[in-house]
């Protein structure tokens, strides 16, 4: 059974590469190992220093939070809409509402139809540029159709796994649907971090279009390492915080170069 599963997982991984899985569509920057190591040490230093100080509790004022989201959201939505049209044309879905959930921690998400941000995340941001960074990131997920892509990829992975379950059954092995679940999970994990990197990349272009200070954006991820030190090392579905910091710095340089040369603020798209 174990050998069968190992062989199937290898075959399924190859199949996922060859099938019509939804992949990233841009040339987002990639940090080198040396850059990651250097930035990881800086995140560790910042987190260690913060632990030695008494952290101020996050204050949740619903009215203030809603006002900030409305103000920053309006600018971000307008910039995201224009970015979307220039990248994909008028036929692409480019308008997405923003909602503030009741509670849920330091998080936000996009589902292909809207963006949802939690009040704790709004309160955690130090300024409107940081709030715009989060909203633009989630807008980018929707523009790049990542939620739909994840559904497509997990479905393909699940189908491949189901074939494995059927093959195992033909050999008298009852997997209990384990390979179907494994296939869906591997498909999800295979592309999740790629989508997050792309949303960081496209989102920063949206932030620049909205007129916010993109140069201050990377510092947000150092502060996130203080709030969640696991993010310094863990990269199952998202890049690590140090990687996101380095990639944002590279994207800032790309954006500033285009601004200096009068080039359109369009992310570098893959052909095809």
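Numbering (this note's numbering), first residue to last: 1 to 272.
Virtual Cβ for every residue (Gly too), placed ideally from N, Cα, C.
Just so it is clear, the structure is predicted and the values come from calculations on it, not from any experiment.
Apart from sequence neighbours up to five positions away, the residues of its chain that approach residue 233 with a beta-carbon distance below 7 Å are 240, ordered along the chain. Cβ-Cβ separation between residue 199 and residue 132: approximately 14 Å, too far for a contact (criterion under 8 Å). DSSP places residue 214 in no beta strand (DSSP E); its state is neither H nor E.
Residue 173 and residue 87 have their C-alpha atoms spaced approximately 49 Å apart.
Annotation for residue 143: 84 place their beta carbon closer than 6 Å to its own, counting only its chain and skipping 5 residues before and after. Take residue 177, set aside five residues on each side of it, and the residues of its chain with a beta-carbon closer than 7 Å to its own are 165, in chain order.
In this structure, the CA atom of residue 255 is about 19 Å from the CA atom of residue 221. Just so you know, the alpha carbons of residue 263 and residue 31 end up roughly 24 Å apart. The beta carbon of residue 66 lies closer than 8 Å to those of 100 in the same chain, with the five residues before and after it left out. Here residue 242 really is in contact with residue 36; their C-beta atoms are around 6 Å apart, less than 8 Å. If the five residues before and after residue 105 are omitted, its C-beta is found closer than 8 Å to the C-beta atoms of 118, 120 and 121, all from its own chain and listed in chain order. When secondary structure is reduced to three states using DSSP, residue 173 falls in the coil class, being assigned neither helix nor strand. Within the DSSP secondary-structure output, residue 99 pairs in a beta bridge with 116. Nearest Cα to residue 112 within the set 73, 148 and 260: 148.
Between the alpha carbons of residue 27 and residue 125 lies a gap of roughly 28 Å. By the neighbour-count criterion, in which a residue is buried when 16 or more other Cβ atoms sit within 10 angstroms of its Cβ, residue 90 is exposed. No Cβ-Cβ contact shorter than 9 Å links residue 39 with residue 201. Spanning the alpha carbons of residue 93 and residue 158 requires a straight line of approximately 27 Å. When DSSP assignments are scanned along the stretch 8-89, the uninterrupted stretches of alpha helix (DSSP H) that are 4 or more residues long and fall wholly within it turn out to be 33-51 and 62-88. Per the coordinates, the alpha-carbon of residue 114 lies some 28 Å from the alpha-carbon of residue 250. By the C-beta density criterion, residue 218 is buried, having at least 16 other C-beta atoms within 10 angstroms. Within 10 angstroms of the beta-carbon of residue 60 lie fewer than 16 other beta-carbons, which makes it exposed.
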